[in-house]
Amino acid sequence: MTSFSHDDFLRALEQHDYSFEVGQTVRGKVVNLDSDGAYIDIGGKSTAFLPAHEVLVPPGKKLADVLPLRSDRDFLIIRGQDAEGQISLSLKRLEIKALWERYQALQESQGAIDVRVTGVNKGGLTVDAKGIRGFIPRTHVVGAETLESLVGRTLTVTILEADPERKRLVCSQKIAQRQQRFQEFDYGQLVQGTVRDIRPYGLMIDLTGVLGLLHINDFSEKRVGSLQAHVQVGTPIKAIVTNLDAERGRISLSTRLLENRPGEMLDSFDHVMAEAEERADRIAAKQNLQAE
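Residues 24 to 315 in our numbering are what the sequence shown spells out, letter by letter.
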């Protein structure tokens, strides 16, 4: 029988090519934790070291909460073997890389994320997006008397720009809020708002964070000479949703559909508004019957 000595074993290890390179992603198991970091078994001659500062640890959590003993996960090699054959790893850089990829995808899909406000500057708010520093321009902040009052709060935002090369993450609370409100509307729904502006082509209706357009041709079945003769800025108004434009965040509205006769919105505006709910219910019931 051929014997295999301890020296033979060591020589076999030295001859084995583990192909560990900086920038490579490797699978490893947490085998030990201390105050400086974690020791990870990645199948090398010695355990790899993961410095504590290379781990994203959420506020109120400990390293052991993020990296339980004997747990398996992927790590990024950031430094090759030292004199003792030990490799240095990072979990943070791998997670940040994945976050940038996710944020780029969300920029395309206009998806929303939650961020924590960390500070204020002359241009707006600085935020933390799970370890990535981001920015919300002042013009894209809503619902706050002062920017300082938002520090420490969590905001829902959409991503305007995600550029990992420039480490630039620009977000919008305004668009996220508009999208959230937009999802509350549906075709045929009766909504209530106030006249925000009167244009030659129609009324801009404020629906609490979302603009609706009531075109002059949808105000009444009868031709409208002047909208100012019937409503003013600030006038409460009820209307039916006829179209939803998600990309522009705009809702098309109609009060013409609420009329029992052509021109009723022109000579009996208050009466139509008082019966708006009842009339909208009748319209919905009629549409349901037609659908059947």
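Backbone N, C-alpha and C define an ideal beta-carbon position, used for all residues, glycine too.
Take residue i as the anchor and find which of the options has the nearest alpha-carbon.
i: glutamine 104; options: Gln215, Ser172, Ile260, Ser69; result: Ser69
i: isoleucine 100; options: Lys115, Thr48, Tyr62; result: Thr48
i: valine 143; options: Asp137, Arg156, Ala135; result: Arg156
i: leucine 92; options: Leu79, Gly60, Glu77, Lys120; result: Gly60
i: leucine 230; options: Arg204, Phe242, Ile221; result: Arg204
i: phenylalanine 158; options: Pro187, Val214, Gly147, Pro81; result: Gly147
i: leucine 79; options: Thr179, Asp57, Leu114; result: Leu114
i: leucine 178; options: Asp209, Ala135, Phe208; result: Ala135
i: isoleucine 306; options: Thr265, Gly286, Asp290, Asp293; result: Thr265
i: arginine 50; options: Arg96, Pro285, Glu77; result: Arg96
i: lysine 120; options: Arg176, Pro285, Ala87, Pro187; result: Pro187
i: glutamine 215; options: Asp290, Ala297, Leu173; result: Ala297
i: glycine 46; options: Asp57, Asp88, Glu77, Phe98; result: Phe98
Just to confirm before moving on: does the CB-CB distance between residue i and residue j stay below 8 Å?
i: arginine 273; j: leucine 237; result: no
i: glutamine 133; j: threonine 169; result: no
i: isoleucine 263; j: glycine 211; result: yes
i: alanine 71; j: leucine 117; result: no
i: alanine 185; j: tyrosine 126; result: yes
i: isoleucine 65; j: valine 53; result: no
i: lysine 84; j: leucine 122; result: no
i: aspartate 220; j: valine 256; result: yes
i: arginine 201; j: glycine 232; result: yes
i: phenylalanine 208; j: leucine 267; result: yes
Bridge partners of residue i, per DSSP?
i: serine 277; result: Ile263
i: methionine 227; result: Asp220, Leu236
i: arginine 191; result: Asp186
i: valine 214; result: Ala262
i: lysine 52; result: Asp64, Asp95
i: serine 113; result: Leu99
i: valine 150; result: Val140, Gly157
i: proline 74; result: Gly60
i: valine 180; result: Ile136
i: aspartate 268; result: Arg273
Take residue i and list the residues in its own chain whose beta-carbon comes closer than 8 Å to its own, dropping the five residues that flank it on each side.
i: leucine 36; result: Since pLDDT at leucine 36 reaches only 46, below the 50 mark, its modelled position is unreliable, and the value read off the structure follows with that caveat. Counting only Cβ-Cβ distances below 8 Å, and skipping sequence neighbours, we find Lys68.
i: glutamine 310; result: Gly211
i: threonine 278; result: Leu237, Asp241, Phe242, Ser243, Ile260, Lys261, Ala262, Ile263, Met288, Val295
i: leucine 56; result: Tyr62, Leu86, Ala87, Leu90, Leu92
Ordered along the chain, which non-local residues of its own chain (more than five positions away) have a Cβ less than 6 Å from that of residue i?
i: aspartate 151; result: Arg139, Thr141
i: arginine 102; result: Ser111
i: glutamate 44; result: none
i: lysine 197; result: His163, Val165
i: threonine 254; result: According to the sequence shown, residue 254 is valine rather than threonine. Cβ neighbours of valine 254 beyond the five flanking positions: Val218.
i: serine 94; result: Val53
i: glycine 108; result: Lys68, Ser69
i: leucine 8; result: With the chain covering 24 to 315 only, the question about residue 8 has no answer from this structure.
Output needed for residue i: all residues of its chain with C-beta closer than 7 Å, excluding positions within five of it in sequence on either side, in chain order.
i: isoleucine 239; result: Tyr224, Gly225, Val247, Leu250
i: glutamate 171; result: Val143
i: glutamate 282; result: Ser243, Glu244, Met288, Val295
i: arginine 302; result: Leu281
i: alanine 299; result: Leu213, Lys261, Leu281
i: leucine 129; result: Ile136, Ile182
i: phenylalanine 292; result: His253
i: glycine 175; result: Val140
i: alanine 75; result: Asp59, Gly60, Leu86
i: glycine 286; result: Ser243, Glu244, Lys245
i: histidine 39; result: Low local confidence applies: a pLDDT of 46 at histidine 39 is under 50, so the model's placement there is unreliable, with the coordinate-based value given in what follows. There are no such residues.
i: methionine 227; result: Arg219, Asp220, Leu234, Leu236
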